[in-house]
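Asks: One structure coming up, written as structure tokens, with questions to follow.
Residue numbers (the numbering used here), protein chains in the order written: chain A, 6 to 422; chain B, 14 to 346; chain C, 96 to 295.
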């Protein structure tokens, strides 16, 4: 049924449709509305025998799910930013143990400096932990991806992160069409574990593996992820057949035909980029956009195929490899290895900075005129940066960086930046 | 007809089985149907107190749960020596996740069982003092606070042993470890540090808290049995000597543990809902020296010269325990 | 597409106002996107929320820097934050106050706005009347329907009944009606009639 819903609400209702058995929750902005709504629904008795645990930390949250999943329960939690890092050890553990846990990441910047607004630094920090990473463009896709995620996780015995932009999606009200229970049941069968803690058939899970076998274990995990590339697309196709809309998949193009310049991104910024693409097309610029929905495993072949006839690629990413540059752009460059297509890195939206259609259009014009630095920080305030650098050159005890920059930017209250 | 008085002496834990006892009071280990949950072939050191304690505890838990038990293990000696890939010494469903999350993982298993309506299957979590007192403390407190249906067993050998004997929040004052070495002005572990997790567990008001020792294995079994017949969060803190880390003779493991109990340094008690309800009286009180002299981790208190002040301070701890828990029966001569 | 920016303080239901407006637009058969611009929960801090309304799917996610309409729930913000930043020259302004524009000190500032586009609404008073609390957001949404004609009042009221159950929903719907009536009457006095905003 189609309704005007908050993103968090849509996700919570999608989770309930998937019949979870154990939910663990530790609150952190901007995921709170998801776990609050789930708590209400469980308590009201809308979720069968589902157990909801209010845990003592995010590390506790994922640990609870590791146990519950190993005991055969369908499990879910949500976190972001600092919370995701706090559970980092458990994140690797869950992947290594092959437990099909589904977790929402309400993407938020990682401190210091502390920042509660959206960017992708959190999920990027754990991109190589062995979880599947899917990114939602809209709240509709966020709801749909969670349903696909359980099926994907359980077929592969691999945990899945569904990433959705904090506040921008989680706290946005927009139309979402939630399926009915019968359709979801038809799409998502009951969880049938590959390994199970069961007194009638005792097994030991979590052995130490030494040098003689560790490589083979990791190789098999890698193969599992490569297999996932096919499965992610298959499940998306299956979803489309059942629910009559396209959601997820590996990557999706917009106005790519005859585009000489292609802008790549993950998540909600795709919508804004599409607006910019339409505007530029009206100016006669042959630009298109490629959305990456499945970031891990990385769909190298599909991205290469999509980009190989373009003249240049611009990766707009909400993350930064400090001291290096782009993260997504590095993966894209690797996918294009040997093709000699220039890939431009544009760092945008860090810490929740709004990405405007105008700035994106100008970015494309600048790239085509070869005016852009590499990497380029979109809408960087050079005055503030130069002032701060000068100040630091003059005095040793220049004070904490974050506080000085805030003062320089003179950000007050609700001034829109 | 002449009669002669014959005195029968219970040999207690000096023997594994005792046919003079009622069937029900006999140790699980003397039964043909014991599960041997922690099977032979594991890689523990000779004289390992933890292996002994774990075997007794888990077999007792299995008996009470009619062999429907799932065990979650923190990283540590027990986990490492019992699961050398590709072998496992565990005959029961067993999982190791991380160092600091055994209580939370166990809470998750309990929640899953509840979701599936399997209230016949019980959950035990176990870890060493490092995993319990330090790194897993947050998760432990969370499990207590939620009253999750888990029995947590802490095997306390008073240091991080598997990593090579480093100090933990359970290391006693003056004890030598590799991070509290016997050098300088205050050799060994600092006085006035450390956590009393049994008391902290009691402060959470959970249904059952007990301390136990491999010095009295019957008592350990009885406490596990009692705990397993209850629901909610339960905690048993078990004193287990480590010959390697304590510098004691592997043949003396039970003797060392007994000295700790009989000196008053390791009081044995039970608590319900936050209050002590029973304690094991000391049969023959000994001075703490009898305990200390068995372990080279306390050598520096005796050589090159006696540290009277330190020994007196340790004695004071023991005496305080005796007073607090009423460990000496003042009515007996 | 039109974009509305709400201004207020934490605790005044600014975010709820934007959400309700988006629900009203949905009920009216339109596409809408509402989102907040705020951070950690804190009462009394200046807060903004946004709503975009269009006849087709709204794709952009950027902040609303050039609103077509401002709804100001707390007039103490008028001189404290850059409330009018980016406002379209033929935009709309609704302010919750019992004072006139001149008394609020912004009469001159808003003189250049088209007639019938600016209105002061005693929304807190209306809130007190119907809900016994100075709730300004729902009366202002009724006023929005009146001043722009973009969304039917009935849609605004249906959103309120959906969000707030029973008597509370009815009270809010009645408050919206009062807000609507106030604007209609106010514009009639002004003699400017109704000017309806474009929706695309």
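Just so you know, even glycine gets a beta-carbon here, dropped at the ideal spot from N, CA and C.
Using the beta-carbon of each residue, which ones in chain C are nearer than 9 Å to residue 280/A?
Replies: Under the 9 Å cutoff, chain C gives 154, 155, 157.
Asks: Can you tell me the Cα-Cα spacing of residue 278/C and residue 215/C, whole angstroms?
Replies: Residue 278/C and residue 215/C: Cα-Cα distance of roughly 8 Å.
Asks: Threshold first: 3 residues or longer. Then list the beta strand (DSSP E) segments lying entirely within the stretch 276-303 of chain A, N to C.
Replies: DSSP runs (the beta strand (DSSP E)) wholly in the stretch 276-303 of chain A: 292-297, 299-301.
Asks: Residue 229/C to residue 217/C, Cα distance in whole Å?
Replies: One C-alpha to the other measures close to 10 Å.
Asks: Alpha carbon to alpha carbon, how far is residue 402/A from residue 9/A? Give it in angstroms, no decimals.
Replies: C-alpha separation (whole angstroms): 52 Å.
Asks: Counting only runs of 3+ residues fully inside the stretch 14-46 of chain A, write out the beta strand (DSSP E) ranges in chain order.
Replies: Correct list: 27-30.
Asks: Which same chain residues end up closer than 8 Å to residue 177/B when comparing Cβ atoms and leaving out the 5 residues on each side of it in sequence?
Replies: The answer, listed in chain order, is 191.
Asks: Quick one: measure Cβ to Cβ for residue 35/A and residue 176/A, integer angstroms, because I've assumed they're closer than 8 Å.
Replies: The pair is a contact, with the Cβ atoms about 6 Å apart (cut-off 8 Å).
Asks: List, in order along the chain, the chain C residues whose C-beta lies closer than 7 Å to that of residue 360/A?
Replies: Chain C residues near residue 360/A: 157.
Asks: May I ask which residues mark the beginning and end of the beta strand (DSSP E) holding residue 152/B?
Replies: First-last for residue 152/B: 150-159, but that is the alpha helix (DSSP H), not the beta strand (DSSP E).
Asks: Can the beta-carbon of residue 74/B be found less than 8 Å from the beta-carbon of residue 65/B?
Replies: Not a contact, by the Cβ cut-off of 8 Å.
Asks: When the distance is taken between beta carbons, is residue 94/A closer than 8 Å to residue 55/A?
Replies: Not closer than 8 Å, so no.
Asks: Give the DSSP-derived three-state secondary structure of residue 82/B in the structure shown.
Replies: Here residue 82/B sits in strand by DSSP.
Asks: Can you give me, in chain order, the residues of the stretch 43-55 of chain A that have a beta carbon less than 7 Å from any beta carbon in chain B?
Replies: Answer in chain order: 54, 55.
Asks: Counting pairs of Cβ atoms below 8 Å between the stretch 223-240 of chain B and the stretch 248-266 of chain B, do you hit three or more?
Replies: At 8 Å Cβ cutoff, the stretches touch.
Asks: Short check: CB of residue 351/A to CB of residue 385/A, under 8 Å?
Replies: Not a contact, by the Cβ cut-off of 8 Å.
Asks: Helix, strand or coil: which one does DSSP assign to residue 421/A?
Replies: Because the pLDDT at residue 421/A is just 44, under 50, the model does not fix this residue reliably, and the value given afterwards should be weighed accordingly. In the structure shown, residue 421/A sits in coil (DSSP, three-state: anything other than H, G, I, E or B).
Asks: Look up residue 196/A in the DSSP assignment and say whether it is helix, strand or coil.
Replies: Note: residue 196/A maps to coil in three-state DSSP.
Asks: How many angstroms separate the CA atom of residue 237/C from the CA atom of residue 262/C?
Replies: Their Cα atoms are separated by approximately 18 Å.
Asks: Going by the DSSP bridge assignment, what does residue 269/A pair with across the sheet?
Replies: In DSSP, residue 269/A forms a bridge with 295/A, 320/A.
Asks: So, helix, strand or coil for residue 230/C, using DSSP?
Replies: Residue 230/C falls in the coil class under three-state DSSP.
Asks: Reducing DSSP to helix, strand and coil, say where residue 168/B ends up.
Replies: In the structure shown, residue 168/B sits in a strand (DSSP, three-state: E or B).
Asks: Taking residue 299/C as part of the beta strand (DSSP E), name the residues at either end of that continuous run.
Replies: Coverage of chain C is limited to positions 96 through 295, which leaves residue 299/C absent and any answer about it impossible.
Asks: Quick check on this structure: which residue in 324/B, 15/B, 21/B, 333/B has the alpha carbon closest to the alpha carbon of residue 188/B?
Replies: For residue 188/B, the nearest C-alpha among the options comes from 324/B.
Asks: What did DSSP end up calling residue 335/B once you bin it into helix, strand or coil?
Replies: It is helical.
Asks: So what does residue 107/B bridge to, in DSSP terms?
Replies: 209/A, 84/B, per the DSSP bridge assignment.
Asks: Run through the stretch 244-327 of chain B for me and flag every whole beta strand (DSSP E) of 3 or more residues, listed as ranges in chain order.
Replies: You should have 247-252, 282-285, 288-292.
Asks: If we cut at 8 Å on Cβ distances, does residue 117/C have a partner in chain A?
Replies: Chain A, which has a Cβ nearer than 8 Å to the Cβ of residue 117/C, makes this yes.
Asks: Is residue 130/C helix, strand or coil when you go by DSSP?
Replies: Strand at residue 130/C.
Asks: Looking at the structure shown, is residue 143/C part of a helix, part of a strand, or coil, going by DSSP?
Replies: Three-state result, residue 143/C: strand.
Asks: One question on the structure: do residue 457/A and residue 139/A come within less than 8 Å of each other, judged by their Cβ atoms?
Replies: The requested residue 457/A does not occur in the structure, where chain A is confined to residues 6 to 422.
Asks: For residue 118/A, go through chain C and note every residue whose CB falls closer than 7 Å to its CB, in chain order.
Replies: Here the premise fails: no neighbours, minimum Cβ distance about 13 Å.
Asks: Can you give me the start and stop residues for the alpha helix (DSSP H) that residue 276/C sits inside?
Replies: Counting along the chain, the alpha helix (DSSP H) containing residue 276/C begins and ends at 261-285.
Asks: Just how far apart, CA to CA, sit residue 265/C and residue 114/C?
Replies: Rounded to the nearest angstrom, the two C-alpha atoms are 18 Å apart.
Asks: Using 8 Å as the limit for Cβ to Cβ distance, is residue 179/A near chain C?
Replies: By this cut-off, residue 179/A is an interface position.
Asks: At what residues does the alpha helix (DSSP H) containing residue 367/A begin and finish?
Replies: Looking at the DSSP string, the run of the alpha helix (DSSP H) that includes residue 367/A is 362-373.
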